[in-house]
Amino acid sequence: MSQSDIRTYAQAMRQANKEARATVAALACIIVVWLVGGFGLAGTDIWLFHTPLWIIGGCVAPWIAAVVAAVALSHRVFADFDLDEVAGSCPVGSAAAPHGDRGADAVACNGIAAEQGAAGSNAADANESGE
Amino acid sequence: MENLVALVPLVLFLAVALGISFAARRRSVGEGGFVKEYFIGNRTLGGFVLAMTTIATYGSVSSFVGGPGQAWLIGWGWVYMAVVQVTALVLLYGIMGKKLALVARKLDAVTVIDVVRARYNSNALANISAVIVVLFFAATMVAQFVGGAKLFEAVTGYSYMVGLVLFGAAVILFTTIGGFRGVAFTDALCGIIMLVGIGVLAVGIMTAGGGYENIMDTIKANHPAMLEPFSGGAMPGTLYFTQWLLVGVFTFVLPQSMVRCMGFKDTKALHGAMITGTVIIGLMMIGVTALGVLSAGVLTGSLADYGSSVDNIIPRAIAQTLPSWAAGVAIIGPIAASISTVSSLLIASSSAIIKDVYLHSCEARGKQPSERGISRGSQAVTLCVGAIVFALAVVPPDVIWKINMFAFGGLETAFFWVMVCGLFWKRAGKLGALLSMVGGTAAYCACMALGFKVMGLHQIVIGITVAGVLMVVGSLIEKRPQAEQQRIDQVFFPE
């Protein structure tokens, strides 16, 4: 996916969900490789390079599978987009909130998100003082 | 003189790490606010540093000492189990990476607890999270200090205290000075050094054992069960299952790992880190654990011959197979693993105290501490936490390795459902999260204390199950005001 496809925060969050689902699917594949390569080959009496085949299948193959999964996810599923732009946050080095906190400057920079964050934080104080 | 030669590489390494920390501190001057810089490095981590700091934080001294020692005893089955760790970075970056990066930017969040507070709109949950983080991190840090100092003593011949003072003081100092950015850069250095240490030890073991083929022949002749996945009953299926959970699947919710997803600069850095990191973590974890097995071709005695502790195997292998100068280089690997874990936990503990508790309480009371005050306070807290942990490590407790694993499981139990449901389940609410974190952690701790297990499975299974049930029940029975739900949805579940 090209960078230009994702412009809004909602699109970016949907993309993040898609990436998370794909990652779980990749984990399932790695587990299958681990099971088949290790326990699956343990019954065979085949040796390669002075090593039982199940050791190569169980210890090296899952690593290769994880690397293949990382490459496939990065190139086929994961999307490049500007995190700061879609989240509407301050660029590094700008006059962000002085303590990196949700102060007035953050509201000015982040707009509704920071305002809402500050509101949420204050609401938490109010809610829990009454709990 | 021999001992002094073994000490030189370590002292050089610590000096370089300190220099990097000073450089990181100088480079950060003038960029963004202090808190954002000190605790998250202004979100400027590139791909390589991101990968290395995550790996170095994840890989601890027990990955280099306890694990390979156990592999010496058990055989290739232990390596087969250790390989589950290759999924750690794929899961962390794939599931949490973009989501946390986006939410953190949206909220201007600096810590994982910032995200928890905003998601569940609960200060109580945030404060409990901070307490859990500080307690479990402290336990882990003590374990790292003790493990590193014992290793130092065994290899160099200097006392435990000399080792503790040498690298304990260095790690506390460079974490205090460099903050998150300094920790990330020194972690990258530690990661490289860990690989170098593994390489040097591999050469030593192969040479001393007469080559790989000879070593495998020795193992086959002496301990044929070491070449079986169940290792003649020493590796039950339940152990494989729970290790998949403990050091594989659940590791992506460890706060010290998640915070790294809030510190990278762009999506390209994340994608690059996932590939590079998966290659390196496999090389490191499979490599060092396999060396433990191969050392059985060199250390052919019984466990009693090596002090009746598997923790003595790798120090003994280093001392026995390498000349002094090379042993000095090899020992930096595990000590770098220890240092990188301590530094990451130290800065995260400090952020929990300063950012999540102190600054938030100031904000709630309408107080605005000065930038200079926050700067000094943050460094003082980092120094104090480090000093307390150091003091606890002076008299090492016997059960230190158990405490380390206990802390690992406790953090996973506390944060798994809170974070996964918080980011991916809209219905998850404050009550469910509070019950999940408190109930799950309490159940886990109680079962660990009593030694209670179900079907021989590690207690994390009970903790996670209890935490999951409480999250679902609590979230479903809770009624939330629509306005609050809308506020949360805008950040976490935008349409």
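Respectively, the protein sequence lines represent chains A and B. Quick note on our numbering: the first sequence kicks off at 399 and runs consecutively. Quick note on our numbering: the second sequence kicks off at 57 and runs consecutively. Ideal placement from N, C-alpha and C gives every residue a C-beta, glycine not left out.
Nearest CB-CB separation between A:A426 and chain B: not below the 7 angstroms threshold. Shown here for B:V117: same chain residues with a beta carbon closer than 6 angstroms to its own, the five before and five after excluded, namely Q200, G203, G204, P390, A393 and S394 in chain order.
For B:I151, a Cβ of chain A is located within less than 7 angstroms of the residue's own Cβ. Residues of the stretch 467 to 489 of chain B that bring their beta carbon within less than 9 angstroms of a beta carbon in chain A comprise L479, F480 and K486, in sequence order. Pairing B:I337 with B:L145 gives a Cβ-Cβ distance under 7 angstroms.
In this structure, DSSP gives B:V510 an extended state, which the three-state scheme calls strand.
Within the stretch 169 to 225 of chain B, the complete alpha helix (DSSP H) runs of at least 4 residues fall at 179 to 212. B:E551: not part of any alpha helix (DSSP H); DSSP gives it neither H nor E. Among the CB atoms of chain A, none fall inside 7 angstroms of the CB of B:E534. Per DSSP, reduced to three states, the secondary structure at B:F464 is helical. B:L310 sits in coil when the DSSP states are folded into three classes, being neither helix nor strand. The stretch 342 to 355 of chain B and the stretch 123 to 137 of chain B touch, with no fewer than 3 CB-CB distances between them shorter than 8 angstroms. The bridge partners DSSP lists for A:W445 are A:P450. Cβ-Cβ distances below 7 angstroms link B:V61 to S380, W381 and G384 in the same chain, with the five nearest sequence neighbours on each side left out; the list follows chain order. Exclusion of the five residues before and after B:V445 leaves A194, M197, V198 and F201 as the residues of its chain whose Cβ lies within less than 7 angstroms of its Cβ. As a beta-bridge residue in DSSP terms, B:F320 pairs with B:L101.
The beta carbon of B:A352 sits closer than 6 angstroms to those of W128 and I275, all from its chain and outside the five residues before and after it, given in chain order. Secondary structure in the stretch 498 to 547 of chain B: the alpha helix (DSSP H) runs of 4 residues or longer, each lying completely within the stretch, are 516 to 533 in chain order.
Taken in chain order, the unbroken stretches of alpha helix (DSSP H) that lie wholly in the stretch 457 to 491 of chain A and span 4 residues or more are 459 to 470 and 481 to 485.
For B:A436, not one C-beta of chain A is nearer than 7 angstroms to its own C-beta. The DSSP-derived three-state label of A:G455 is helix. Taking a C-beta cut-off of 7 angstroms against chain B, the contacting residues of the stretch 452 to 463 of chain A are W452, I453, G456, C457, P460 and W461, listed in chain order.
Note that the stretch 411 to 431 of chain B does not touch the stretch 261 to 280 of chain B; fewer than 3 beta-carbon pairs, one per stretch, sit closer than 8 angstroms. Any Cβ of chain A closer than 7 angstroms to the Cβ of B:A157 would place that residue at the interface, and such an atom is present. By the criterion of a C-beta distance shorter than 8 angstroms, B:L359 is surrounded in its chain by L129, S365 and V366, once the five residues flanking it on both sides are discounted.
Against A:D478, the close residues of chain B are T323 and K324, in the order they occur along the chain (beta-carbon pairs closer than 7 angstroms). B:V91: member of the alpha helix (DSSP H) spanning F90 to I96, first to last residue. For B:P371, the enclosing alpha helix (DSSP H) covers residues I369 to T377.
Interface annotation for the stretch 376 to 390 of chain B against chain A: empty, criterion Cβ-Cβ distance under 7 angstroms. Here the alpha carbons of B:A499 and B:L506 stand approximately 11 angstroms from one another. For B:E540 and A:K416, the gap between their C-alpha atoms comes out near 26 angstroms. Annotation for A:K416: the continuous alpha helix (DSSP H) segment containing it runs Y407 to G435. Listed in chain order, the non-local C-beta contacts of B:S287 below 6 angstroms within the same chain comprise I130, G131, G133 and A281, local neighbours out to five positions each way being set aside. Interface with chain B (7 angstroms Cβ-Cβ cutoff): A:G441 is excluded. Close CB contacts of B:A375 within its chain, under the 8 angstroms cut and outside five residues either way in sequence, are with A210, V211 and A383 (chain order).
If the five residues before and after B:T232 are omitted, its C-beta is found closer than 6 angstroms to the C-beta atoms of Q435, T438 and L439, all from its own chain and listed in chain order.
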